[in-house]
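J.: For any residue, its number in the UniProt record's numbering is found by taking its place in the sequence shown, counting from 1, and adding 43. Just so you know, even glycine gets a beta-carbon here, dropped at the ideal spot from N, CA and C. Given the structure is predicted, the values throughout are model-derived calculations rather than measurements. Can you keep this structure in mind? I'll have questions shortly.
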Amino acid sequence: RKKVTINTLRSLYAAKTPITMITAHDFPSGLAADLAGVDIVLVGDSLAMVALGMEDTNQLPLSAMLHHSRAVARAIKSAFLVTDLPMGSYEVSAEQAIASSIKLVQEGRTQAVKLEGGAEMAPTISRLTSLGIPVLGHIGLTPQRQSALGGFRVQGKTLGSAQKLLADALALQQAGCFALVVEAVPEEVARIVTDELEIPTIGIGAGKGTSGQVLVQVDMLGYYPDGRFMPKFVKRYANLFEHAKTGIEEYMREVRSGEYPQREHTYPMSQEELEAVRG
Ligand code: KIV
Ligand code: NA
C-alpha cells in the first residue's frame with residue numbers, strides 16, 4: 044500500500060471518498076491500524092484514559108505524548124500519522140505551540156499535530172502551517188475544555204452555538220488546517236459545517252454528513268470489561284477484552300493442570316550432550 048500523504052487526503056476528499064481515521068497508542072495498536080489500511084492514525088490524548096487509566100486528558104504531559112507517539116510511529120508504514128498536542132503544551136503562545144509541535148515531529152516522529160479550539164487558535168495555527176507543520180483542528184466537544192463545557196456534552200445544539208461552530212470552522216480553515224475533527228454535534232449541524240468548508244471534516248459522534256470518521260480504537264474494539272461508560276456514538280466492532288480475559292484464563296488452567304507447556308514448546312538437546320550434562 045502506498046504511503047498516505049496530505050495529497051492523498053485531498054484526493055479522497057475531492058472524490059468524496061470517506062476518510063477513515065482511528066486512534067492508536069502503542070506499537071501493536073498502531074500496527075493493527077496501519078496493516079488494516081486506515082488513512083489516518085491519531086495518537087490522541089485520549090490515551091490518558093484508555094491506555095494509562097487517568098480520569099481525563101488534562102493530566103497528560105507532552106513527554107507522555109512523545110513517548111506514545113514514537114511507539115506508534117515505529118508501526119506506521121502507510122497511514123498518515125497525527126499526534127495530539129496535550130493541554131498545556133500549546134495555549135500559552137504560538138512560540139510554545141511551535142516548540143511543542145517540533146518536538147512531536149522530531150522526537151514523536153509524527154507528521155502532523157492536532158489541537159483543540161476555535162477562532163482563538165487561528166493565529167497559532169497560521170504560524171504552525173507557515174512553518175510546514177500540518178495542523179488538524181478539533182471543534183465541537185473539545186475534551187481538554189470539558190470543565191468550561193460543563194462535562195462531555197453535545198455541542199452546537201442551539202442557534203448560537205451552531206453559528207459559533209461554523210464561524211470557528213471557517214476561521215480554522217482560513218488559518219490553514221488541512222482538516223477538522225468535529226466531535227459530538229448534531230448530524231445536521233456537522234453536515235452544514237462540512238458543506239460550507241473546502242477542507243475535510245472528520246466526525247466523531249457527528250453523523251454521516253462529514254468527510255470521514257474517527258473512533259478511539261480501544262473503544263471500538265471493546266478492550267474494556269462490560270459496564271464501562273461509552274459515549275452513544277461508539278459502535279463495538281470486536282470484544283477484545285473478553286478475548287484477552289478468556290485467553291489468560293485458559294493459560295492459567297493449563298499451567299495448573301500441566302497441559303502447558305508441551306514438548307513442542309521446549310528447546311531440544313542432543314542425547315550426547317544430555318548424557319554429558321548428567322555425567
Ligand atoms: O484523543 C482522541 O482520541 C481524539 C479523537 C477522539 C478525535 O481527540
Ligand atoms: Na484528543
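Shortest alpha-carbon distance to VAL232 belongs to which of PHE195, VAL261, THR201 and VAL156?
T.: Here the closest residue by C-alpha is THR201.
J.: As an exercise, report each continuous alpha helix (DSSP H) stretch of at least 4 residues that is fully enclosed by the stretch 197 to 229, in chain order.
T.: Runs of the alpha helix (DSSP H) inside the stretch 197 to 229: 202 to 218.
J.: In this structure, does DSSP put HIS68 in helix, strand or coil?
T.: Reduced to three states, the DSSP call for HIS68 is coil.
J.: Using a Cβ-Cβ cutoff of less than 8 angstroms, which residues in the same chain neighbour LEU240 once the five nearest sequence positions on both sides are dropped?
T.: Closer than 8 angstroms at the Cβ level, and outside the excluded window around LEU240, lie ALA212, LEU213, GLN216 and LEU223.
J.: From which residue to which residue does the alpha helix (DSSP H) around ASP127 run?
T.: Where ASP127 is concerned, there is no enclosing alpha helix (DSSP H), although the beta strand (DSSP E) it sits in stretches over 123 to 127.
J.: Nearest-angstrom Cα distance between GLY96 and VAL320?
T.: If I take the Cα positions, the gap works out to 49 angstroms.
J.: Does the Cβ-Cβ distance between LEU192 and LEU184 come in under 8 angstroms?
T.: For LEU192 and LEU184, yes; Cβs fall inside 8 angstroms.
J.: For the beta strand (DSSP E) that THR244 lies in, which residues bound it at each end?
T.: Per DSSP, THR244 belongs to the beta strand (DSSP E) from 244 to 247.
J.: Just mark THR253 as buried or exposed, buried being the case when its beta carbon has 16 or more other beta carbons within 10 Å.
T.: Answer is buried; the Cβ neighbour count reaches 16.
J.: Would you kindly work out how many angstroms separate the C-alpha atoms of LEU124 and ALA116, rounded to a whole number?
T.: Roughly 7 angstroms between the two C-alpha positions.
J.: Using only the alpha-carbon positions, how far apart do VAL277 and ALA122 sit?
T.: C-alpha separation (whole angstroms): 22 angstroms.
J.: Are the CB atoms of THR63 and VAL259 within a distance shorter than 8 angstroms?
T.: Result no, Cβ atoms of VAL259 and THR63 do not sit closer than 8 angstroms.
J.: Can you grab the Cα-Cα spacing for the pair ARG113 / GLU315, in whole Å?
T.: The alpha-carbon atoms of ARG113 and GLU315 are separated by roughly 48 angstroms.
J.: Does the distance between the C-beta of SER173 and the nearest non-hydrogen atom of the ligand KIV fall short of 7 angstroms?
T.: Checking the Cβ of SER173 against the ligand KIV gives no.
J.: What three-state label does DSSP hand ILE83 in the structure shown?
T.: Here ILE83 sits in strand by DSSP.
J.: Could you check whether LEU105 and PRO129 sit closer than 8 angstroms to each other, using their CB atoms as the reference points?
T.: Yes, they are a contact pair.
J.: DSSP three-state label for VAL259, please.
T.: If DSSP states are grouped into helix, strand and coil, VAL259 belongs with coil.
J.: Can you list the alpha helix (DSSP H) stretches of 4 or more residues lying completely in the stretch 121 to 181, in chain order?
T.: List check, alpha helix (DSSP H) in window: 137 to 149 and 165 to 173.
J.: To the nearest angstrom, how far is it from the Cα of MET273 to the Cα of ASP262?
T.: Going from the Cα of MET273 to the Cα of ASP262 covers about 8 angstroms.
J.: Is the beta carbon of THR100 within less than 7 angstroms of some heavy atom of the ligand NA?
T.: Yes, since a heavy atom of the ligand NA falls inside the 7 angstroms radius drawn around the Cβ of THR100.
J.: Who pairs with GLY183 in a beta bridge, going by DSSP?
T.: Per DSSP, GLU226.
J.: According to DSSP, THR63 sits in a beta bridge with which residue or residues?
T.: DSSP lists GLN256 as partners of THR63.
J.: Is the separation between the beta-carbon of GLN198 and that of ALA155 shorter than 8 angstroms?
T.: No, they are not a contact pair.
J.: Apart from the five residues on each side of it in sequence, which residues of its chain come closer than 7 angstroms, Cβ to Cβ, to LEU264?
T.: Result list for LEU264: TYR280, ALA281 and LEU283, in chain order.
J.: Give a yes or no on whether the C-beta atoms belonging to THR167 and TYR133 are separated by under 8 angstroms.
T.: Yes, they are a contact pair.
J.: Could you check where the alpha helix (DSSP H) with ILE119 kicks off and where it finishes?
T.: Taken as a continuous stretch (DSSP letters only), ILE119 belongs to no alpha helix (DSSP H), as it is neither H nor E.
J.: How many angstroms separate the CA atom of HIS111 from the CA atom of VAL86?
T.: Roughly 7 angstroms separates the two Cα atoms.
J.: So for ALA191, helix, strand or coil by DSSP?
T.: Reduced to three states, the DSSP call for ALA191 is helix.
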